[in-house]
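Trainee: Have a look at this one before I ask anything.
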Amino acid sequence: MLLHINKNSSMVQRIEEDSNDIAIIAARLSNELGGWAQYKELAANNAARYETIMVQRFQHTLVALNDLVVAMRTRMTEKEEGQWQNFCSSVIAREA
Numbered sequence: 001m002l003l004h005i006n007k008n009s010s011m012v013q014r015i016e017e018d019s020n021d022i023a024i025i026a027a028r029l030s031n032e033l034g035g036w037a038q039y040k041e042l043a044a045n046n047a048a049r050y051e052t053i054m055v056q057r058f059q060h061t062l063v064a065l066n067d068l069v070v071a072m073r074t075r076m077t078e079k080e081e082g083q084w085q086n087f088c089s090s091v092i093a094r095e096a
């Protein structure tokens, strides 16, 4: 289930998932990344004031990223699933 929050009215709307949901989630991820980057810059100058919201925006970014991955994985073919597994292995190897 996708939710859209109207920033002007604070109304929350459910968006029905369809073939375009990946694009909607990707746009949401882009928005969250932009917000996190902005608050990261602000926190560099005034950590006491902006650090909490920066961390919250980072959490929102991770939720959007998770939603994107879930939406993508439900549509993967076997070959794409193999590429996904290779990607995950390379990310884990870099972290070790």
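In terms of the numbering used here, the sequence shown is residues 1 to 96. By construction, the Cβ of each residue, glycine as well, lies at the ideal position given by its N, Cα and C atoms.
#1: Buried or exposed: Ala48, going by 16 or more other Cβ atoms within 10 Å of its Cβ?
#2: Return the CA-CA distance between Thr77 and Leu68, expressed in angstroms with no decimal places.
#3: Out of Ser9, Asn46, Ile22, Ser30, point me to the one whose CA is closest to His60's CA.
#4: Is it buried or exposed for Met11, if we count other Cβ within 10 angstroms and need 16 for buried?
#5: Between which two residues does the alpha helix (DSSP H) carrying Ser89 extend?
Mentor: Quick look at the numbers:
#1: exposed
#2: 16 angstroms
#3: Ser30
#4: exposed
#5: 78-95
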